[in-house]
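To start, the structure under review is shown below, and the notes come after it.
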Amino acid sequence: MPHNVSLISTIATGFGLALIFGFIASRMKVPPLVGYLLAGIMIGPATPGFVADMDLAGQLSEIGVMLLMLGVGLHFSLADLLAVKRIAIPGAILQITVATALGMGTAMLWGWSLGGALVFGLALSVASTVVLLKALEARNVLESVNGRIAVGWLVVEDLVMVLVLVLLPALAPMLGGAADPQAASGQSVWLTLGLTLGKVATFIVLMLVVGRRVFPKVLWLVAKTGSRELFTLCVVATAVGVAYGSAKLFDVSFALGAFFAGMMMRESEFSHRAAEESLPLRDAFSVLGVVSVGMLFDPRVLVQEPLRVLVVVAIIMVGKTLAAMALVLAFRYPLNSALTVSASLAQIGEFSFILAGLGVSLKLLTPEGHSLILAGALISIALNSLLFAAIEPAQNWIRSRSALARSLELRDDPLAELPMSVPQSVLTGQVVLVGHGRVGSRIAQALQDRHLPFVVAEENREVVEQLRAQNIPAVWGNASDPSVLIQAHVARAGMLVIATPDSFNVRKMVEIARTLNPAIEVVVRTHNEAEGRLLEQDEVGKVFIGEHELAQAMLGHVLFRMGHDLRRT
10 MPHNVSLIST IATGFGLALI FGFIASRMKV PPLVGYLLAG IMIGPATPGF
60 VADMDLAGQL SEIGVMLLML GVGLHFSLAD LLAVKRIAIP GAILQITVAT
110 ALGMGTAMLW GWSLGGALVF GLALSVASTV VLLKALEARN VLESVNGRIA
160 VGWLVVEDLV MVLVLVLLPA LAPMLGGAAD PQAASGQSVW LTLGLTLGKV
210 ATFIVLMLVV GRRVFPKVLW LVAKTGSREL FTLCVVATAV GVAYGSAKLF
260 DVSFALGAFF AGMMMRESEF SHRAAEESLP LRDAFSVLGV VSVGMLFDPR
310 VLVQEPLRVL VVVAIIMVGK TLAAMALVLA FRYPLNSALT VSASLAQIGE
360 FSFILAGLGV SLKLLTPEGH SLILAGALIS IALNSLLFAA IEPAQNWIRS
410 RSALARSLEL RDDPLAELPM SVPQSVLTGQ VVLVGHGRVG SRIAQALQDR
460 HLPFVVAEEN REVVEQLRAQ NIPAVWGNAS DPSVLIQAHV ARAGMLVIAT
510 PDSFNVRKMV EIARTLNPAI EVVVRTHNEA EGRLLEQDEV GKVFIGEHEL
560 AQAMLGHVLF RMGHDLRRT
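For the sequence shown, the working numbering begins at 10 and goes up steadily by one.
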């Protein structure tokens with residue numbers, strides 16, 4: 010060909026083989042993610058035949074990470090993240106410490122240097138953004154309390170890795186490696202750390218103060234043009250531009266920059282449209298991200314170092330999982346939250362590759378260590394969906410076999426029981442409100458304004474603490490657990506309002522409530538029309554479908570302004 014087509018050939022082969030292998034995997038009842046990884050191995054340098062451009066594939070996968078994190082930011086407000094800060098910050102730091110210690114200890118037993126062991130341990134401690142988000146989205150738990158904890162945990166991991174990537178070149182000579190030729194000579198570690206923290210803080214403040222005002226206005230101005238392509242271009246340009254600018258100017262990751270851009274755009278009334286417009290690109294490029302992981306893998310390491318590969322996989326999928334699970338339980342969250350969060354973190358990805366590559370360039374990590382990290386990443390990513398599928402069986406097995414697990418679930422917790430000071434008048438004929446999120450909080454405020462008694466059942470401990478500080482009766486826990494509804498005195502309630510989008514557990518909540526109170530009236534919300542019809546067929550109660558209610562409200566306003574009464578139509 011007369012011109013360079015490496016970009017076209019990389020995209021064409023990456024998408025084409027990902028489609029074929031993903032389809033085959035799906036037909037075999039295996040997650041398509043495994044097919045995408047196999048597609049990457051097929052076009053990688055370790056297998057014969059066509060070899061795609063590794064550098065281009067890596068950059069395309071970075072775009073996928075940016076768009077993926079933009080989508081997450083568009084669904085999460087700063088308040089959502091701050092609500093889980095008490096568990097996400099210490100939990101992520103402690104889990105990184107435990108995983109790093111396991112990796113370091115193993116590497117030292119293998120006779121590696123201190124520097125190589127440190128890089129190896131750190132690389133095994135941080136989860137893949139793409140895999141974690143796709144796993145949570147596939148199970149519709151991204152916007153649940155468990156999903157928010159996992160995303161908050163991921164954000165903290167990203168911030169820690171930013172510091173590690175900046176400090177490692179400065180520390181390399183002390184750890185037995187080579188000095189970074191690009192690092193400023195004579196610059197102290199403390200000065201480097203101070204500059205990095207200052208840049209990160211400046212970036213966050215800039216996004217919260219300036220971005221919060223600018224991005225919604227930009228979206229509004231572009232939306233006024235009526236051009237769909239301009240609106241999509243605005244969303245993508247903002248995500249990629251902010252991610253690139255934040256990496257260049259403030260030394261934060263592409264993922265973190267795009268995430269903050271999404272959170273700032275969420276302040277706009279067009280945030281839902283922005284999420285919808287970017288969805289096809291987000292899905293396509295995130296597939297390339299998984300394909301690029303497969304391209305890095307050399308299958309020969311499975312033959313040359315099978316035992317070490319198994320040890321690495323065990324650290325990632327067992328060591329990290331148990332550490333995260335113990336930490337979540339230590340913060341008094343239920344077993345389901347501990348299993349969901351720990352399963353989502355039981356893999357490694359993008360930052361691990363960057364860290365391993367930097368370790369090799371600084372002569373801290375050996376090529377063997379680099380290969381083991383890549384092997385651990387590919388196997389843990391491929392098996393991660395199986396770990397998620399095992400959550401419910403594992404939860405049932407643990408509860409049935411372990412007295413300790415049952416005692417942890419039933420331990421005395423002041424937030425799991427209503428205070429004795431709550432007057433009995435509030436606990437008779439009251440509304441039991443499940444969920445205090447965007448919908449539930451508005452219902453609660455309206456009930457409070459009208460002096461109607463209600464009790465909130467909420468999974469987020471921090472939200473329950475805030476409600477009790479306002480003297481609002483609230484109990485912590487998942488309302489699909491009978492003890493939670495019992496504590497909310499559902500047996501004497503007049504109405505059960507399920508204001509969470511958790512359609513999976515709705516039927517169980519209703520079944521428990523009607524067992525305790527057959528005459529109770531039930532109100533349920535859903536975003537899905539098909540699910541809404543199923544709930545109505547099951548006679549769970551009055552079902553409100555989000556889009557339908559919005560249309561009815563708009564129609565009521567239109568007819569009122571046109572001089573018609575909606576009740577007469």
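Just so it is clear, CB atoms sit at the ideal spot from N, CA and C, and this is done for glycine as well.
The bridge partners DSSP lists for Met-504 are Val-440, Glu-530.
For Val-484, the uninterrupted beta strand (DSSP E) run begins and ends at 483-485, by DSSP.
Non-local C-beta neighbours of Val-350 in its own chain, meaning closer than 7 Å and more than five positions away in sequence, comprise Asn-155, Ile-158, Ala-159, Trp-162, Ala-333, Val-337, ordered along the chain. Across the structure, Ile-20 and Ile-495 are spaced so that their CA atoms are roughly 56 Å apart. Contact check for Ala-246 against Gly-266 fails: the beta carbons are separated by 8 Å or more. Per DSSP, the continuous beta strand (DSSP E) segment holding Glu-467 begins and ends at 463-467. Collapsing the DSSP output to three states places Phe-340 in coil. For the pair Leu-90 and Glu-474, the Cα-to-Cα distance works out to about 16 Å.
Straight through space, the alpha carbons of Gly-254 and Phe-212 are spaced by roughly 10 Å. Cβ neighbours of Ser-70 within its own chain (closer than 6 Å, five residues either side excluded): Leu-297, Gly-298, Ser-301.
Closest in alpha carbon position to Pro-402, among Asn-345, Thr-437, Gly-449, Glu-359, is Asn-345. Within the DSSP bridge table, the entry for Ile-554 names Thr-535 as partners.
For Met-274, the enclosing alpha helix (DSSP H) starts and ends at 263-274. Val-296: member of the alpha helix (DSSP H) spanning 280-305, first to last residue. In the structure shown, the three-state DSSP call for Val-173 is helix.
Taken in chain order, the complete alpha helix (DSSP H) segments of 4 residues or longer contained in the segment 353-420 are 359-370, 376-398, 400-410, 412-419. The alpha-carbon separation between Arg-309 and Gly-44 amounts to approximately 19 Å. Inclusion of Val-175 and Thr-201 in the CB contact set at 8 Å is warranted, their separation being smaller than that value. In the structure shown, the three-state DSSP call for Asp-458 is helix.
When the alpha-carbon of Ile-363 is set against those of Ala-502, Pro-527, Leu-311, Ala-136, the nearest one is in Ala-136. Excluding the 5 residues flanking it on each side, Leu-456 has same chain C-beta neighbours closer than 7 Å at Val-440, Phe-463, in chain order. Counting along the chain, the unbroken alpha helix (DSSP H) around Ser-35 starts and ends at 15-36.
Contact between the segment 256-276 and the segment 92-112 is absent: fewer than 3 CB-CB pairs across the two stretches fall below 8 Å. With contacts defined as CB atoms closer than 8 Å, Leu-127 and Met-113 qualify as a contacting pair. Taking every protein chain shown into account, the CB of Glu-285 has fewer than 16 other CB atoms within 10 angstroms, so this residue is exposed. Sequence-distant Cβ neighbours of Leu-26 in its own chain, meaning closer than 6 Å and more than five residues away, are Ala-48, Met-51.
The beta-carbon distance between Phe-224 and Ser-277, rounded to whole angstroms, is 7 Å. This is short enough to meet the 8 Å contact definition. Where Ile-324 is concerned, there is no enclosing alpha helix (DSSP H), because DSSP gives it neither an H nor an E. Shortest Cα-Cα distance from His-379 to any of Glu-471, Phe-59, Val-465, Gly-130 involves Gly-130. For Arg-148, there is no enclosing alpha helix (DSSP H), as DSSP marks it with neither H nor E.
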